[in-house]
Structure formats: structure tokens, C-alpha cells
Amino acid sequence: MNSTQMVSAFQTADRLVDAKTWETGARLWSSSEEQVLNCCRVTRETHDVNSFEFQTGDGLPVRFEPGQFLTVSAVVNGQAVQRCYTLSSPPTRPYLISITVKRVPGGVMSNWLHDNMRPGGQLRAFGPSGVFTPTVASAPKSLYLSAGSGVTPLMSMTRASIDLGLDRDIAFVHSARTPADIVFREELHRLATLSPRLRLFFVCEGIGEEQDWTGATGRLSLPQLAQWLPDFKEREVFTCGPAGYMSAVRHMLREGGHDPVRYHQESFDISEGAASAPVFEPVSEPAPESVPSESSVEQDTFTVRLSRSSRSFTMHASETVLAAAKKNGVMIPSSCSQGLCGTCKTKLLDGTVDMKHNGGIREREIQKGFRLLCCSRPTSDLVLEL
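Heads up, the sequence shown is in our numbering, so the first residue is 335 and it goes up one at a time.
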């Protein structure tokens, strides 16, 4: 879906935004640009999940694609902390953007947000980024698979589809610990009444305190999926959740004969107790760890010049540009450091690098001169648009 489609059914605060307003007023907020967000509302979704709604500091609407994420930063206990959170709000409501955050045991940012962020509070953030979005693969039938807080990017996609009145054939299968842990449960049921072709399926590991639960229990299985959706092999799949869930779902679909080309995945890495950070995972196996090519080690050190600030520093050929920049006091937005999320995308004005990414940058962006600094090693002196 694009901005033209969004205009067709876009309304906020009783104000219809026409095509001219959308084109001239909507913010093109770069993923490398940081600004202040003002908190407008905090909504409790479950006992340990809150949605935080924000308005940009200048009040302008924000353009993004459903499924993209923000990189937010805050000072927690005297330390600067940076995390990525998927936008749970749809791009059809660009005047207020929201993130939905699960309180993670030991999670620095998630606990800080739950304990401190209130209406009137502020949060710094870099612009929308990421390639986990239905715009990469338009399809007549979709299957959304999520678990826990992995529901957020798929909720943005679903809200956008309903707002636009597209009446798309979407099967939404969500897994949770108990019925009480189903994020957006009531809203999803309401959206399904607005779009008959949106079908919901929930599976919970246990029933918790909801003794009258009549839905599926246990864990999602291939027989269960095939019973609900005999046509699942025909659907474009978008899935998001914890790493274990991702691995199981991917194996299940392959076992069931689903074409991996029609599979798109984003997982939430919470293994270290940090706040959920979205990571795009391509269909193919991850690229091996980058190693300098022979040409890149013929010269040991290179000079990196920053065109905007006129700063420069030298770095070793074995270092990534991002690591060397940070070592020299140059702050560049980043998150995954594995060529996955796209946060550190920067235009290379001159020079060459050896870049081994894992899906965080598109071919057309590479053709325009952009590179992911976290997975790029210099093979010559460089000039960056920073």
C-alpha cells in the first residue's frame, strides 16, 4: 500500500486529509534523523503490555509503511539506552504513532517505559525503518502468524487494511500463554466485524483464569493450521514473535509444503532480557560472518571523511565502519549491528566497501549509494554523507 491508497480513506480528528495535504504535510522522517516525541496517551493492553501513543514535536503527520519500526532512546539510570520497537499504529493515522511494549523481566527500556512514560512525557526516536512490510509482496491472500508481542507489526498491517476498506483476505493466527495474554483481543474481534474476510484464530498454551475458554489450547501445529486454513500453502505469510516460535513456525510451514519464497519473518530478540528489538530475517540462510576480501587487506588503514561535519578519522581494514565511527566518537543510529534492521543506513558519497548484509537494505537503495555501516568494511578511503 502506498500514500495514494492511504489518502482515499484517511481521516483523523474529524479532519479529512486530502491528497494535497498528504503530499505536502506528511513528514518524510529519515531513519537517521532523531527528534523528540511527545506522549499523548498510555493504554494498558494486558497485565504486562502497554501501548504508548506519541505525537511528533512539530505536530506533523509521519509517513511510514505498516510493519516498520522506530529506534527509540532514553537515559536510564544515567546510561543512554537505545531499542527498536515496531509501530503498532497504522500509517493511515499518521498524526499519532504508537508502540506497544511488553514488560520484560530485566528489560532496561521496557521497564523504564512502563514505570515512567506518561502523557506529557518525552522520548527521543529515529525515523521509521525496516523492510518487514506487505508492500514487498502484494498478494490476494495473506496469513499473519504471531506470538506474544510479535503481534504489533501485524496489527499495524491489519489496522491499515481495515482503515482503507480493502476487505483483504487475511487469516490472523495468534499464539499466547493464556487468553488474558492476547494483545489487542477485543479490537481484533471488532475489526473482524468490519471486514468479513479477516478471520481470527487464537491458540493458548493454557486457559489461565478463563475457565470458559473454548478456543484452541497447546501450541500451534501443522494439523491445526491445515484444519483452520486448508489453503495455507497459497498464502503470503508474515510472521513475528520470539525466536523459538519463529523457528518452529518456519519448520512447520516447510514441512507442510509452503513455498519459502512467500514467507516473510521478523523476530523479537528477548534472549538477553532486553526490550524487544525487531530483527528482519530473510528467507535464505543468514550470510556467513563478514571477512575482509583480499583486496581490502592490501592496505591496513583507510581514512573516513564525514561530508556534513567535515570530521575525519582513520580505521583498520578489518573493522566495520560503524564500529570505527563509534570508537572515534561519531554517533550513528544503529540497533542490530548485523545488517538486518537498516537503522545505520548511510549514503556513501565516495569510495568502496565490502558489505555483507542480511536483508536490511534493498537493492534500489544500494544502487542509490546507500550502505549499512554495521556490516561494511572499507576497501578504500571513504566519504560518508554524515
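For every residue, glycine included, the Cβ atom is placed at its ideal position computed from N, Cα and C.
Boundaries of the beta strand (DSSP E) harbouring H508: D503 to A510, taken from the DSSP string. When DSSP states are grouped into helix, strand and coil, N411 belongs to the coil group. The alpha carbon of Y478 has as its nearest neighbour, out of A471, S646 and T492, the alpha carbon of T492.
In the DSSP secondary-structure assignment, T573 is bridged to L479 and Q599.
By the neighbour-count criterion, in which 16 or more other beta carbons inside 10 Å mark a residue as buried, D497 falls on the buried side. Going by beta carbons, W562 and P513 fall outside the 7 Å limit. A Cβ-Cβ contact shorter than 7 Å links L371 with L457.
Rounded to whole angstroms, the separation of the alpha carbons of K567 and G590 is 8 Å. Look at the beta carbons and you see the region 693-703 not touching the region 444-460: under three pairs across the two are nearer than 8 Å. Annotated three-state conformation of Y419 is strand, per DSSP.
Here N662 has F647 as same chain residues with Cβ atoms under 6 Å from its own Cβ, once five neighbours each way along the sequence are excluded. In this structure, the alpha-carbon of V415 lies about 15 Å from that of Q369. Under the three-state reduction of DSSP output, T469 falls in the helix class. The shortest C-alpha to C-alpha distance from T420 to any of N411, E399 and Q413 is the one to E399. In the structure shown, Q561 adopts helical secondary structure according to DSSP, grouped into three states. Only residues of its own chain outside the window of five on either side were considered, and among them D634 and T635 have a CB closer than 7 Å to the CB of H650, listed in chain order. Taking the Cβ atoms as the reference, S641 lies roughly 6 Å from E719, within the contact range of under 8 Å. The criterion of a C-beta distance shorter than 7 Å is satisfied by P487 and G401.
Burial of M580 is indicated by the presence of at least 16 other C-beta atoms within 10 angstroms of its C-beta. Shown here, G540 sits in coil according to DSSP, grouped into three states, outside any helix or strand.
Taking C574 as reference, the option from V485, N384 and V537 with the minimal CA-CA separation is V485. Each residue's CA atom was taken as its position, placing S422 and H598 some 18 Å apart. When secondary structure is reduced to three states using DSSP, N692 falls in the coil class, being assigned neither helix nor strand.
Under DSSP, R705 takes part in a beta bridge, and its partners are T680. Bounds of the beta strand (DSSP E) holding N372 are E368 to T380.
Under the 10 Å beta carbon count, G464 is surrounded by 16 or more other beta carbons and is classified as buried. It is roughly 42 Å from the alpha-carbon of T390 to the alpha-carbon of D565.
V485 sits in a helix when the DSSP states are folded into three classes.
Nearest to I695 by C-alpha distance, out of E543, L362 and L707, is L707. At least 7 Å separates the beta-carbon of A494 from that of E570. The residue from M665, R698 and V717 with its alpha-carbon nearest to that of E367 is M665. In the structure shown, the three-state DSSP call for V717 is strand. Our two residues, N411 and G441, have alpha carbons roughly 13 Å apart in a direct line. The alpha-carbon of Q545 is positioned some 47 Å away from that of W363. T654 sits away from T686, with the two beta carbons spaced by 7 Å or more.
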